[in-house]
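The structure appears right after this line, and notes come after that.
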Amino acid sequence: MIRTAFGFSKGNCGDCYVKNAAGQLTDTLKTGARIGKIAAHAIAGGISSVLNGGQFGQGFASAGLTQALAPAIDRIDAGCRFSAGRVIAATVVGGTASYLSGGKFANGAITGAFSRLFNDEVHNERKMVTA
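Numbers 1202 to 1332, taken from this note's numbering, label the letters of the sequence shown in order.
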């Protein structure tokens, strides 16, 4: 339901990607949808933080910044189905955002890693399979 409200495709996000001139699949989310995706991740991170005894703002910052930098992180090991380098980058971004917002680096690092593993890397797997 939230995915549709923010303009994401239903289900597998297959129409979020198109082939560019080089024949590579690229993310076609428009600015509004990208902002919505970042906001959804940030809110989910904040709620998750509260449910785990932390503060909303720290989880919000960690998950939101990790998702905001996802396009840059995607360029690490581009063309690979799965990249430990991308996961490590998201881990560092999430941890740093949490630490700078007054939280624990480890909590933000876990948020960033899980966000990358169970969202962006899964979508990357789908892109590679449909290519």
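Note that the Cβ used here is the ideal one computed from N, Cα and C, for glycine as well.
Going by alpha carbons, who is nearest to residue i out of the options?
i	options	result
residue 1299	1314, 1287, 1280	1314
residue 1323	1250, 1285, 1262, 1310	1285
residue 1304	1232, 1247, 1238	1247
residue 1272	1262, 1250, 1309, 1236	1236
residue 1274	1289, 1254, 1239	1289
residue 1263	1277, 1278, 1231, 1240	1240
residue 1279	1231, 1232, 1321	1321
Express the C-alpha separation of residue j and residue i in angstroms, rounding to a whole number.
i	j	result
residue 1209	residue 1234	Any reading at residue 1209 must be qualified, since the residue scores a pLDDT of 39, below 50, and its modelled position is unreliable; the value itself is stated next. Approximately 7 Å, taken between the alpha carbons.
residue 1258	residue 1270	18 Å
residue 1268	residue 1242	7 Å
residue 1245	residue 1265	9 Å
residue 1251	residue 1238	20 Å
residue 1301	residue 1249	18 Å
residue 1283	residue 1291	13 Å
residue 1319	residue 1232	23 Å
Quick check on the DSSP output: the alpha helix (DSSP H) that includes residue i runs from which residue to which?
i	result
residue 1247	1232-1252
residue 1274	1271-1275
residue 1308	1306-1316
residue 1299	1285-1301
With DSSP run on the structure shown, which of helix, strand or coil describes residue i?
i	result
residue 1279	coil
residue 1213	Residue confidence for residue 1213 is low, a pLDDT of 44 falling below 50, so the modelled location carries little weight; the figure read from the coordinates is stated next. Coil.
residue 1259	helix
Cβ contact check for the segment 1285-1296 and the segment 1304-1324: 3 or more pairs under 8 Å: yes
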